[in-house]
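Under the numbering used here, the letters of the sequence shown match residues 16 to 112, in that order. Even glycine gets a Cβ: it sits at the ideal position worked out from N, Cα and C. As the structure is a computational prediction, the values presented were derived from the model and not from experiment.
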Amino acid sequence: MKKDLRLFLRTGALLGGGIGITIFFLMDLLFKDSLSGSWRDAIVNDLNLIFSMELTPDSPLVYITLVLVLLVVVSFGALIGAIFSGIYYRFFRMLNK
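Structure (structure tokens):
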């Protein structure tokens, strides 16, 4: 039983992380023009406002921040995926009893 639950949780986390990264890049691709910029432009704007730094979108600090934002999005997606798959597993285990 525990092996099955671990398999479900890992699968849910992988699927959730995959969906998170897909949404991250699709938002960047599809809404770049309508939201007046991409993730990099938003990060440059935020860093300029918070730290009063004049950065370009090609700055290494912008890429580091972009990777951190991507990791947060993927981690949150993986967490939600694992939670959902755990609920899914327990629900169908309850139905089989």
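What number of angstroms, rounded off, separates the C-alpha of Arg105 from the C-alpha of Leu30? 18 Å
Taking only the alpha-carbon atoms, compute the straight-line gap between Phe107 and Phe91 and give it to the nearest angstrom. Spanning the two alpha carbons is a distance of roughly 24 Å.
Around the C-beta of Ser100, are 16 or more other C-beta atoms found within 10 angstroms, so that it is buried, or is it exposed? buried
Rounding to the nearest angstrom, what Cα-Cα distance links Lys112 and Ile102 in this structure? Each residue's alpha carbon lies about 16 Å from the other.
Give the straight-line distance between the Cα atoms of Arg55 and Ile98, rounded to the nearest whole angstrom. 30 Å
Buried or exposed by the 16-neighbour rule on C-beta atoms within 10 Å, applied to Phe23: With a 10 Å radius around the Cβ and a threshold of 16 neighbouring Cβ atoms, Phe23 comes out buried.
Given a cut-off of 8 Å, decide if Val77 and Tyr70 are closer than it, judged by their beta-carbon atoms. For the sequence presented, residue 70 should be read as Leu rather than Tyr. Contact: yes.
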